[in-house]
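>
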Amino acid sequence: MSTLHVIDHPLIQHKLSYMRKKETGPKDFRQLLDEISMLMGYEVTRDFPTKEIEIETPICKATVNIIAGKKVAIVPILRAGLGMVDGLLNLVPVAKVGHIGLYRDPRTHLPVEYYCKLPNDIEERVVIVVDPMLATGGSSSDAITKLKEHGCTNIRLMCLVSAPEGIRKVQADHPDVDIYTAAVDEKLNENAYIVPGLGDAGDRLYGTK
Ligand code: PRP
Ligand code: URA
Numbered sequence: 022m023s024t025l026h027v028i029d030h031p032l033i034q035h036k037l038s039y040m041r042k043k044e045t046g047p048k049d050f051r052q053l054l055d056e057i058s059m060l061m062g063y064e065v066t067r068d069f070p071t072k073e074i075e076i077e078t079p080i081c082k083a084t085v086n087i088i089a090g091k092k093v094a095i096v097p098i099l100r101a102g103l104g105m106v107d108g109l110l111n112l113v114p115v116a117k118v119g120h121i122g123l124y125r126d127p128r129t130h131l132p133v134e135y136y137c138k139l140p141n142d143i144e145e146r147v148v149i150v151v152d153p154m155l156a157t158g159g160s161s162s163d164a165i166t167k168l169k170e171h172g173c174t175n176i177r178l179m180c181l182v183s184a185p186e187g188i189r190k191v192q193a194d195h196p197d198v199d200i201y202t203a204a205v206d207e208k209l210n211e212n213a214y215i216v217p218g219l220g221d222a223g224d225r226l227y228g229t230k
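22 is the number of the first residue of the sequence shown in my numbering; add one for each residue after it.
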């Protein structure tokens, strides 16, 4: 069963509140998303297994722990997911990055795929799908389906702001995928935007409106 992890660390809540403000421009919006992504990454990777190795410090021999197990792939959903990649790469610099391009049809609100480029060995990796907004859940659910078609079996979803509708859809479609989010907002409006949300994440990141 999929677990919902709400990461409500005070630093994350503080930075997210500034992202929500309509006066916050693209430069600050990008920087805040980058900082939050790194903070969230700390929790998203918390269950990574470790193994013991023997080393020598300048003082003596010691048994210490390093990360073991599968390698990591980060998969942003274009465009807005791009804003969450660097924060995670700061934590896991050797991760590979795949890209899935989806946009929401403005009339039906259903996702339309326009791009997909994934690492060749993606099925051997722990995959962290990133997108700031989980609204209807259509985009995230389709991206996860695509990854499963490529053989991925260990997938987690990291998003900034979620609507209850989107959480329900991803959990129903993908009960094996845990969701990490900084906030669960109230609802969707008639245009399937998250309320109160932060508006259109892609436009706010890149100044396209
Ligand atoms: C936004 C957002 C998600 C999607 C969420 O992308 O970044 O990918 O909408 O909505 P959903 O949960 O209802 O599918 P958008 O389609 O606006 O594309 P963009 O990132 O290129 O702006
Ligand atoms: N996409 C966004 O960027 N924001 C929303 O609130 C919903 C979908």
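Glycine is no exception: its CB is placed at the ideal position from the N, C-alpha and C atoms.
Quantities reported herein were computed from a predicted structural model and do not represent experimental measurements.
Under 9 Å, do I74 and I95 count as touching if we go by C-beta distance?
Not in contact: I74 and I95 (Cβ atoms no closer than 9 Å).
> From C137, K208 and D152, pick the residue whose C-alpha is nearest to that of A222; which is it?
Among C137, K208 and D152, the Cα nearest to that of A222 is on D152.
> Go through its chain and collect everything with a Cβ distance to K138's Cβ below 7 Å, but skip five positions before and after it.
Excluding residues within five positions, the ones whose Cβ falls inside 7 Å are G119 and H120.
> Going by C-alpha to C-alpha distance, which of A213, L181 and N210 sits closest to Q34?
Q34 has its Cα closest to that of L181, out of A213, L181 and N210.
> Answer yes if the segment 174–194 comes into contact with the segment 23–34, meaning at least three C-beta pairs across the two stretches below 8 Å, and no otherwise.
Touching, per the Cβ criterion.
> Let's test the definition: count the other Cβ atoms within 10 Å of the Cβ of K43 and tell me whether it reaches 16, buried, or not, exposed.
It counts as exposed.
> Is any heavy atom in ligand 1 found nearer than 8 Å to the beta carbon of T157?
Yes, ligand 1 has a heavy atom inside 8 Å of this Cβ.
> Ignoring anything shorter than 3 residues, give me the beta strand (DSSP E) runs that lie fully in the segment 146–210, in order along the chain.
As far as the segment 146–210 is concerned, its whole beta strand (DSSP E) runs of at least 3 residues are 147–151, 176–183 and 199–205.
> Could you check where the alpha helix (DSSP H) with R41 kicks off and where it finishes?
Segment P31 to R41, the alpha helix (DSSP H) holding R41.
> Mind checking who E73 pairs with in its DSSP beta bridge?
BP columns for E73 point to N86.
> Identify the continuous alpha helix (DSSP H) that holds V65 and give its terminal residues.
Its alpha helix (DSSP H) spans residues P47 to V65.
> Per DSSP, I121 forms a beta bridge with which residues?
Answer is I98 and C137.
> By alpha-carbon positions, which one of L32, I76, T166 and L178 ends up nearest to V147?
Ranking the options by Cα distance to V147, first place goes to L178.
> Should L54 and G108 be called a contact, given that it needs their Cβ atoms to be closer than 9 Å?
Yes.
> Residues in its own chain within less than 7 Å of G228 by CB, not counting five upstream and five downstream?
Once the five neighbours on either side are set aside, the close Cβ partners of G228 are P47.
> DSSP has I215 in a bridge; who is on the other side?
Bridge partners of I215: L209.
> Alpha carbon to alpha carbon, how far is A164 from I200? Give it in angstroms, no decimals.
Taking the straight line from one Cα to the other gives about 14 Å.
> Compare the beta carbon distance of L209 and A184 with 9 Å and say whether it is the shorter of the two.
Yes, the Cβ-Cβ distance between L209 and A184 is below 9 Å.
> Comparing alpha-carbon positions, which option in D68, V115, R125 and P79 lies nearest R100?
Closest by alpha carbon: R125.
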